[in-house]
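*Asks:*
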Amino acid sequence: MSEAITRSAPSQTPLLVLDQLKKYYPIRKGLLNRTAEYVKAVDGVSLNIVPGETLGLVGESGCGKSTIGRSIVGLERPTDGRILFEGADISKLSGSEMIKLHSEVQIVFQDPYSSLNPRKTIGSLLAEAVKVHRVVPSDKVVSEVDRLLDIVGLPKTSKSRYPHEFSGGQRQRIGIARALALKPKLIVCDEPVSALDVSIQAQVLNLLKQLQKEFNLTYLFIAHGLGAVRYISDRIAVMYLGKVVEIGPTKELFRNPKHPYTRALLDSYPIANPHLRDRERIVLEGDVPSPVNPPSGCRFHTRCPMAQAKCREEEPLLVGEGDHASACWFSH
Amino acid sequence: MESLLAVKDLRTSFDTDQGQVVSVDRVSFELKAGETLAIVGESGSGKSVTALSIMRLLGKGSRVSDGEIRLNGVNILELDEKKMRDIRGNRISMIFQEPMTSLNPVFTIGHQLMEAIRLHLNKDKKQARAHAVEMLKKVGLPRPEQIMDEYPFALSGGMRQRVMIAMALACKPTVLIADEPTTALDVTVQAQIMRIMKDLCAEAGTAIILITHDLGVVAEMADRVLVMYAGQIVEEADVFTLFDHPQHPYTQGLLRSVPHLEADDQDELAAIPGTVPARYHKMQACRFHNRCAFATEKCRTELPPLIRTQDGHTSRCWEIEAATIHYEEGKAR
């Protein structure tokens, strides 16, 4: 079933389509190093992203959200399913085709320090991306680097400095500049502000939003912090143990969460208002089960306050009205 | 009421290649029995170093260079290491952000829990084991008897943090210092851990010093809040006053930059421009002035003192009035 595919794209042709994407990691055991089991990190996810929108992908650690992002940019090879970018399947590209794709699809990582080469100056880091993909003629590379720094709000003097000389927020700006260097259409933002201080988070989020308007960018915004996701996303998909459990327009999803997991997630999020501290809320019991042997039926049933016999046996599909859908037997 | 813990003019400095850096600069506060005091600030603000100074767990090259820390009237900075060991883990205990690094990977959970219990509570092995199991039950761990014999790697992050809480509260300390206790955890687990911490401390009458950068966590947990910036306290108030009527432009900026879940449309987040100055400890000025919209000539040349405006509400700002009027107007809009 791929209801989500037909539903989420209102009239517009999607830029990116995930069709029943699966990524299993083998666990090898024993003397013969045989594959004993699989970690089912992503287990059949279908999503659409239309040009110019931001799709937020939220969920707790191990739900598979980062694996999806990494699969889209070719850092992981899907076990099954298709990833369509502008209609063409990009999940099985060869090396050289992948390089071509990288000028269309870029990624910004959580920790900009581990993704920037510490031995290279910012100038050469940015110039490298511009040169490899021949974005501009070679005599224009320097001015292009200046332009990139200017776009992300860093002074031109940054060119001769090294990554360690910058603060976390500035480094994230460099990461964004590098992603923008290739003039991509889609940027996967993998927890881009999670490692930053609150006051700096806001700077980077504002920058991302402003760049989106300016260059008509499309974002897949992966995060576990709901506040940031709400601020930046047009639509949000909530993941639990390798599956999308709910998807909908941001406002609608926050106002009227349908899946009990989404509700619990919203309830658990600490609100910066002491007057609301005694509000009623669902606090989930226990931890997320292992993705090696996910629970039968609905994967959330082991922690769900509403679970019934049916939930343990049959897996609910993602269904709903309009563009708001959830995978729960009792949410409709 | 006599305060349980009184920190006065605490100064902690580090030796670096560029000379001495004062990372906690004349910090004073009091903690009453049973209350939860939150210390908020961003990375490098000195909040964790304040906690480590109280525990006397500062590493090499760093020291408390001035001030006093009184626990029930006794200055613990003057105690010898043996006496300090009686306090640490017994009357003041601490939990850290990453439980894996505070648990010893080669000993069982039971071994580590019982060590503290036997050391401080004078119990024999059997009694200590019973007490440890009881503590694991209290923090909501399933099958506590089995977990006693397991090693830290076998537990999830949330379970490990529960073990840390069990360990920290095993001796019914009067003060629990929790340094970003839930930052590494997922939100649904964070909610459980905060609830357990709050309930168990209330039961034992333990006061909490909660160190965090998350204003959401502060709003849910704290009775009183200290805001730190660049090594200094910039504002102190009870939690409701702080969130309703913040006075310091930094606190105001922090509150405005939080993306809200309940607000509907936020076109742009109010970010605080710029970053913390690098060599702030040498500044003879308000340390926030380069990021502050209200900064005047005076702010650039003179360090403002902590000014008490009303009972229990203090802030370190020359322009409280202008900043407050602006903030309240912005809120009304």
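In order, the protein sequence lines correspond to chains S and Y. If you count by our numbering, then the first sequence holds residues 1 to 332, one letter each, in order. If you count by our numbering, then the second sequence holds residues 1 to 333, one letter each, in order. Beta carbons: idealized from backbone N, C-alpha and C, even for Gly.
Could you check whether S/Ser233 and S/Thr67 sit closer than 8 Å to each other, using their CB atoms as the reference points?
*Replies:* Taking the first residue of the first sequence as 1, we reach residue 67 of chain S at position 67. Taking the first residue of the first sequence as 1, we reach residue 233 of chain S at position 233. Contact: no.
*Asks:* At the level of alpha carbons, what is the spacing between Y/Tyr229 and Y/Thr108?
*Replies:* The residue you call residue 229 of chain Y lines up with position 229 of the second sequence. The residue you call residue 108 of chain Y lines up with position 108 of the second sequence. Computed Cα separation, rounded: 40 Å.
*Asks:* Pull up the distance between the alpha-carbon of Y/Gln190 and that of S/Phe254, whole angstroms please.
*Replies:* Position 190 of the second sequence, counted from the first residue, corresponds to residue 190 of chain Y. Position 254 of the first sequence, counted from the first residue, corresponds to residue 254 of chain S. S/Phe254 has its alpha-carbon roughly 20 Å from the corresponding atom of Y/Gln190.
*Asks:* Going by other Cβ atoms of all chains shown within 10 Å of its Cβ, with 16 needed for buried, is Y/Ala166 buried or exposed?
*Replies:* Working through the second sequence from its first residue, we reach residue 166 of chain Y at position 166. Flag for Y/Ala166 reads buried.
*Asks:* At 7 Å on the CB atoms, spell out the chain Y contacts of S/Asn206, in chain order.
*Replies:* To locate residue 206 of chain S, count along the first sequence from 1; it is residue 206. Going along chain Y in sequence order, the residues near S/Asn206 (Cβ under 7 Å) are Glu268, Leu269, Ala271.
*Asks:* Which residues does DSSP pair with S/Ser326 in a beta bridge?
*Replies:* As a first step, residue 326 of chain S is located in the first sequence; it is residue number 326 there, counting from the start. For S/Ser326, which the question treats as bridged, DSSP gives the partners S/Glu246, S/Val319.
*Asks:* Comparing alpha-carbon positions, which option in Y/Leu57, Y/Glu98, Y/Thr251 lies nearest Y/Glu81?
*Replies:* For the purposes of this step, residue 81 of chain Y is taken as residue 81 along the second sequence, with counting starting at 1. When Y/Leu57, Y/Glu98, Y/Thr251 are compared, the shortest CA-CA separation from Y/Glu81 is found for Y/Leu57.
*Asks:* Determine the direct distance from the alpha carbon of Y/Val218 to that of S/Asn273, and round the result to whole angstroms.
*Replies:* Residue mapping note: residue 273 of chain S aligns to position 273 of the first sequence, counting from 1. Residue mapping note: residue 218 of chain Y aligns to position 218 of the second sequence, counting from 1. Roughly 9 Å separates the two Cα atoms.
*Asks:* Suppose you measure from the CA of Y/Ile76 to the CA of Y/Leu4; what does that come to, to the nearest Å?
*Replies:* Position 76 of the second sequence, counting from 1, holds the residue named residue 76 of chain Y. Position 4 of the second sequence, counting from 1, holds the residue named residue 4 of chain Y. One C-alpha to the other measures close to 12 Å.
*Asks:* Just the C-alpha distance for S/Leu15 and S/His102, rounded to the nearest angstrom, thanks.
*Replies:* Locating residue 15 of chain S in the first sequence gives position 15, where the first residue counts as 1. Locating residue 102 of chain S in the first sequence gives position 102, where the first residue counts as 1. If I take the Cα positions, the gap works out to 15 Å.
*Asks:* According to the neighbour-count rule (16 or more other Cβ atoms, all chains shown, within 10 Å of its Cβ), is Y/Lys60 buried or exposed?
*Replies:* Counting from 1 along the second sequence, the entry for residue 60 of chain Y is found at position 60. So Y/Lys60 counts as exposed.
*Asks:* What is the residue span of the beta strand (DSSP E) that S/Phe221 lies within?
*Replies:* Against the first sequence, residue 221 of chain S aligns to sequence position 221. That run of the beta strand (DSSP E) goes 218 to 223.
*Asks:* Could one say the Cβ of S/Val292 lies closer than 8 Å to chain Y's Cβ atoms, at least one of them?
*Replies:* Position 292 of the first sequence, counted from the first residue, corresponds to residue 292 of chain S. No, S/Val292 lies away from the interface with chain Y (no Cβ there is under 8 Å from its Cβ).
*Asks:* Counting only Cβ-Cβ distances shorter than 7 Å, please list the residues of the stretch 183 to 195 of chain Y near chain S, keeping chain order.
*Replies:* Asp186, Val187, Thr188, Val189, Gln190, Ala191, Gln192, Arg195
*Asks:* Would you mind working out which of S/Asp323, S/Phe330, S/Cys311 sits nearest S/Asn48, comparing C-alpha positions?
*Replies:* Mapped onto the first sequence, residue 48 of chain S falls at position 48. Checked all of S/Asp323, S/Phe330, S/Cys311; the closest Cα to S/Asn48 is S/Asp323.
*Asks:* Of all the residues that make up the stretch 205 to 228 of chain Y, which are near chain S by a beta-carbon distance shorter than 7 Å?
*Replies:* His213, Asp214, Leu215, Gly216, Val217, Ala219, Glu220
*Asks:* Could you confirm whether any beta carbon from chain S is found closer than 8 Å to the beta carbon of Y/Val258?
*Replies:* Counted from its first residue, the second sequence places residue 258 of chain Y at position 258. Closer than 8 Å to some Cβ of chain S, the Cβ of Y/Val258 qualifies, so yes.
*Asks:* Check the Cβ of S/His224 against every Cβ in chain Y and list those closer than 9 Å, keeping chain order.
*Replies:* Taking the first sequence and counting its residues from 1, one reaches residue 224 of chain S at position 224. In chain order: Asp186, Val187.
*Asks:* Relative to the alpha-carbon of S/Leu18, which residue among S/Val58, S/Ile72, S/Leu31 has its alpha-carbon at the smallest distance?
*Replies:* For the purposes of this step, residue 18 of chain S is identified with residue 18 of the first sequence, where counting begins at 1. Among S/Val58, S/Ile72, S/Leu31, the Cα nearest to that of S/Leu18 is on S/Ile72.
*Asks:* With C-beta atoms as the reference, is S/Gly64 less than 8 Å away from S/Leu93?
*Replies:* For the purposes of this step, residue 64 of chain S is identified with residue 64 of the first sequence, where counting begins at 1. For the purposes of this step, residue 93 of chain S is identified with residue 93 of the first sequence, where counting begins at 1. No.
*Asks:* Between S/Val283 and chain C, is there a C-beta pair that is closer than 8 Å?
*Replies:* This model lacks chain C altogether, as its protein chains are S and Y.
*Asks:* Between S/Arg277 and chain Y, is there a C-beta pair that is closer than 8 Å?
*Replies:* Residue numbering aside, residue 277 of chain S sits at position 277 when the first sequence is read from its first letter. Yes, S/Arg277 counts as interfacial toward chain Y.
*Asks:* Assuming S/Ile176 and S/Ile122 make a contact with CB atoms under 8 Å, what is their CB distance in whole Å?
*Replies:* Translated into positions along the first sequence, residue 176 of chain S becomes position 176. Translated into positions along the first sequence, residue 122 of chain S becomes position 122. Not really, about 12 Å apart at Cβ, beyond 8 Å.
*Asks:* Output the distance between the C-alpha atoms of Y/Ala178 and Y/Ile208, rounded to the nearest integer angstrom.
*Replies:* Numbered from its first residue, the second sequence carries residue 178 of chain Y at position 178. Numbered from its first residue, the second sequence carries residue 208 of chain Y at position 208. Rounded to whole angstroms, Y/Ala178 to Y/Ile208 spans 7 Å at the Cα level.
*Asks:* Going by Cα to Cα distance, which pick from S/Val229, S/Glu280, S/Cys311, S/Leu318 is closest to S/Gly59?
*Replies:* What you label residue 59 of chain S is simply residue 59 of the first sequence in a count that begins at 1. When only C-alpha atoms are compared, the closest one is S/Val229.
*Asks:* Excluding the 5 residues preceding and the 5 following S/Gly203 in the sequence, name in chain order all residues of the same chain whose CB lies nearer than 7 Å to its CB.
*Replies:* Translated into positions along the first sequence, residue 203 of chain S becomes position 203. According to the sequence shown, residue 203 of chain S is Gln rather than Gly. Take S/Gln203, set aside five residues on each side of it, and the residues of its chain with a beta-carbon closer than 7 Å to its own are Gly169, in chain order.
*Asks:* Here's a check: name, in chain order, each residue in its chain whose Cβ is nearer than 6 Å to the Cβ of Y/Ala38, leaving out the five neighbours to either side.
*Replies:* Taking the first residue of the second sequence as position 1, residue 38 of chain Y is located at position 38. Close CB contacts of Y/Ala38 within its chain, under the 6 Å cut and outside five residues either way in sequence, are with Leu210, Val218, Ala222, Val225 (chain order).
*Asks:* Residues in its own chain within less than 6 Å of S/Gly297 by CB, not counting five upstream and five downstream?
*Replies:* Counting from 1 along the first sequence, the entry for residue 297 of chain S is found at position 297. The residues are Cys311, Arg312, Glu313, Glu314, Glu315.
*Asks:* Run through DSSP, which three-state label would S/Met239 get?
*Replies:* As a position in the first sequence, residue 239 of chain S is number 239, starting the count at 1. Strand at S/Met239.
*Asks:* Just checking, does the stretch 289 to 308 of chain S make contact with the stretch 35 to 45 of chain S on the three C-beta pairs under 8 Å criterion?
*Replies:* yes
*Asks:* Is there a Cβ of chain Y sitting closer than 8 Å to that of S/Val198, yes or no?
*Replies:* Reading the first sequence from its first residue, position 198 is the one you call residue 198 of chain S. Cβ-Cβ to chain Y under 8 Å: yes for S/Val198.
*Asks:* Apart from the five residues just before and just after Y/Arg335, which ones in its own chain have a Cβ nearer than 7 Å to its Cβ?
*Replies:* Past the edges of chain Y, shown from 1 to 333, lies residue 335 of chain Y, and the structure says nothing about it.
*Asks:* Can you find a C-beta in chain S that's less than 8 Å from the C-beta of Y/Val239?
*Replies:* The residue you call residue 239 of chain Y lines up with position 239 of the second sequence. Taking Cβ atoms only, chain S reaches closer than 8 Å to Y/Val239, which makes this a yes.
*Asks:* Out of Y/Lys126, Y/Arg88, Y/Ile95, which has the shortest C-alpha to C-alpha gap to Y/Gly110?
*Replies:* On the second sequence, residue 110 of chain Y is found 110 positions in, with the first residue counted as 1. For Y/Gly110, the closest of Y/Lys126, Y/Arg88, Y/Ile95 by C-alpha to C-alpha distance is Y/Lys126.
*Asks:* Tell me whether the stretch 180 to 190 of chain S and the stretch 96 to 114 of chain S touch, counting them as touching only if at least three CB pairs, one residue from each stretch, are closer than 8 Å.
*Replies:* yes
*Asks:* Mind checking the stretch 111 to 123 of chain S against chain Y and listing, in chain order, the residues whose C-beta falls within less than 9 Å of any C-beta there?
*Replies:* Answer set for the stretch 111 to 123 of chain S: empty.
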